[in-house]
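Using this note's numbering, the first residue of the sequence shown is number 4, and each one after it goes up by one. For every residue, glycine included, the Cβ atom is placed at its ideal position computed from N, Cα and C.
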Amino acid sequence: MTSVADRPRFDCRDAYVATLSELAHEDHRIVGVVNDSVGSSKLAGFRTSFPDRLINVGIAEQDMVGVAAGLANGGRIPFVSAASCFLTARALEQIKADVAYSNHNVKLCGMSPGLAYGELGATHHSIEDIAWLRAIDNLTVIVPADPIETSAALRWAAEVEGPVFVRVSRMSVPQVNADDYTFVPGRAVTLREGGDVTLIANGTVLWRALVAAEQLEAEGVSARVLSMPTVKPLDTEAVVAAARETAGIVTVEESTIAGGLGGAVAETVVQHHPARVAILGVPEFAPTGSAAFLLDRYGMSPEGIAASARSLLSHG
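Below you can see the structure in the form of structure tokens.
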């Protein structure tokens, strides 16, 4: 069987702009709002097709979110596209007050999140965004793992009324979901059955968890792999089932270990069915270096994930 690691790789921003363009053709209410990030968001084609429906506020993230809230108040469906590190850090108050608290129909799209800007250092790494946004009420937080899931999540976001955040990766990833995949908020997807240990992941590291499961299988270890695209609301039922049915859970995410997917899983487990949980992520301000190098540094290579699963099992 061919490994997930050997599949072709894709930039999810391509799926993002293709889907946004399709949605805009289907619905005149859809507009784009950017912070001088047309190039990094790959929206040049969208701008050509819809020159009067792409609003560039310049490098002014707080204004960008406020403008989007105003557009939503006027009946538009704004998709806000900006580097996640700047969208979430600089405009956190506007996301909280103008979007979530005011319940405006704004779709926040965090581009190039996590460690994608690896060589630019900690100021450009967006490892805190999930933890920050998960703490805000009335905001769905989605971390797609491949282009199929990115497109499906955006289509769902366009149809639902209310605030949504979608992480859109630039780091190349293989397709892990079926072509007919349908995104359902708050529902995990079992990509691999297993009864010994559970790996829960999302975003750019999900495929790495699948490869880790392949390695564990070769050693006789049966690893369940849960894709958790929605960090908020979390699929509590799937997490509790994993805690009950396997020896423990390893969470893997391209974000901080404090308050993100791992935190959400740990909170669920401790409240409903205590079990061993190992949280893989970024524990500090990461140094400069390629995104792949940094993921490996913090134990999120397939080998590192498999090693965490073995350690968990050996101490079970």
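Neighbourhood of residue i by C-beta distance below 6 Å, restricted to the same chain and skipping five residues each side
{"i": "Ala94", "result": "Glu64, Gln65, Val68"}
{"i": "Phe53", "result": "Ala27"}
{"i": "Ala212", "result": "Leu202, Ala204, Val228, Val255, Ile308"}
{"i": "Gly292", "result": "Gly121"}
{"i": "Ala191", "result": "Leu229, Met231, Asp238, Ala241"}
{"i": "Pro236", "result": "Gly189"}
{"i": "Asp55", "result": "none"}
{"i": "His318", "result": "none"}
Beta-carbon spacing of residue i, residue j below 8 Å
{"i": "Ala103", "j": "Pro188", "result": "no"}
{"i": "Thr22", "j": "Arg158", "result": "yes"}
{"i": "Thr143", "j": "Ser172", "result": "no"}
{"i": "Ala250", "j": "Met174", "result": "no"}
{"i": "Gln178", "j": "Pro305", "result": "no"}
{"i": "Asp30", "j": "Ala160", "result": "no"}
{"i": "His128", "j": "Ala289", "result": "yes"}
{"i": "Val234", "j": "Leu264", "result": "yes"}
{"i": "Leu316", "j": "Ala281", "result": "no"}
{"i": "Gly198", "j": "Glu248", "result": "yes"}
{"i": "Cys112", "j": "Tyr19", "result": "yes"}
{"i": "Val176", "j": "Ala8", "result": "no"}
{"i": "Val200", "j": "Ala278", "result": "no"}
{"i": "Leu118", "j": "Leu283", "result": "no"}
Integer Cβ distance of residue i from residue j, believed to fall under 8 Å
{"i": "Ile33", "j": "Ile80", "result": "5 Å"}
{"i": "Thr254", "j": "Ala310", "result": "Actually they are not in contact, since the Cβ atoms of Thr254 and Ala310 sit about 15 Å apart, beyond 8 Å."}
{"i": "Ser24", "j": "Gly48", "result": "7 Å"}
{"i": "Phe89", "j": "Lys110", "result": "Their Cβ separation, rounded to whole angstroms, is 17 Å, which puts Phe89 and Lys110 out of contact at 8 Å."}
{"i": "Ser6", "j": "Leu46", "result": "Not quite, the Cβ-Cβ distance comes to about 34 Å (not below 8 Å), so this is no contact."}
{"i": "Ile139", "j": "Ser258", "result": "That pair is no contact at about 16 Å."}
{"i": "Ser44", "j": "Ser87", "result": "In fact, because the Cβ distance is near 11 Å, the residues do not count as touching under 8 Å."}
Sequence-distant residues of its chain with Cβ nearer than 7 Å to residue i (five each side left out)
{"i": "Trp135", "result": "Thr91, Leu95"}
{"i": "Arg50", "result": "Val41, Leu57"}
{"i": "Glu320", "result": "This structure gives no information on residue 320, because the portion of the chain shown stretches from 4 to 319."}
{"i": "His107", "result": "Ala72, Ala75, Asn76, Asp101, Pro166"}
{"i": "Val70", "result": "Val36, Ile58, Val60"}
{"i": "His276", "result": "Val243, Ala246, Arg247"}
{"i": "Arg10", "result": "Pro177, Gln178"}
{"i": "Leu209", "result": "Ala148, Val179, Ser230"}
{"i": "Leu194", "result": "Val179, Leu213, Val228, Ser230"}
{"i": "Gly78", "result": "Arg32"}
Cutoff 8 Å; reference residue i; Cβ partners in own chain excluding five residues on either side
{"i": "Gly61", "result": "Asn38, Asp39"}
{"i": "Ala267", "result": "Arg137, Val234, Lys235, Leu237"}
{"i": "Asn141", "result": "Ala103, Tyr104, Asn106, Gly165, Pro166"}
{"i": "Leu123", "result": "Thr291"}
{"i": "Ala181", "result": "Ile151"}
{"i": "Thr126", "result": "Cys88"}
Closer than 8 Å to chain E by CB, residue i
{"i": "Arg195", "result": "The structure shown contains no chain E, having only a single protein chain."}
Residues bridged to residue i (per DSSP)
{"i": "Ser129", "result": "Gly117"}
{"i": "Cys112", "result": "Ser84, Val169"}
{"i": "Val280", "result": "Ile252"}
{"i": "Ile145", "result": "Val169, Thr233"}
{"i": "Met59", "result": "Going by the sequence as given, residue 59 is Asn instead of Met. Asn59 pairs with Val37."}
{"i": "Ala226", "result": "Val200"}
{"i": "Phe13", "result": "Val176"}
{"i": "Arg195", "result": "Val228"}
{"i": "Val346", "result": "Because residue 346 is not part of the residues shown, which for the chain are 4 to 319, the question remains open."}
message: Assess contact between the region 234 to 247 and the region 270 to 279, defined as three or more Cβ pairs (one per stretch) separated by less than 8 Å. Is contact present?
response: yes
field: Touching by the beta-carbon criterion (3+ pairs, under 8 Å), the region 144 to 155 and the region 7 to 21
entry: yes
- request: Could you tell me whether the region 216 to 232 touches the region 125 to 139, where touching means 3 or more Cβ pairs closer than 8 Å?
  value: no
Three-pair Cβ contact test at 8 Å for the region 137 to 150 versus the region 298 to 307: no
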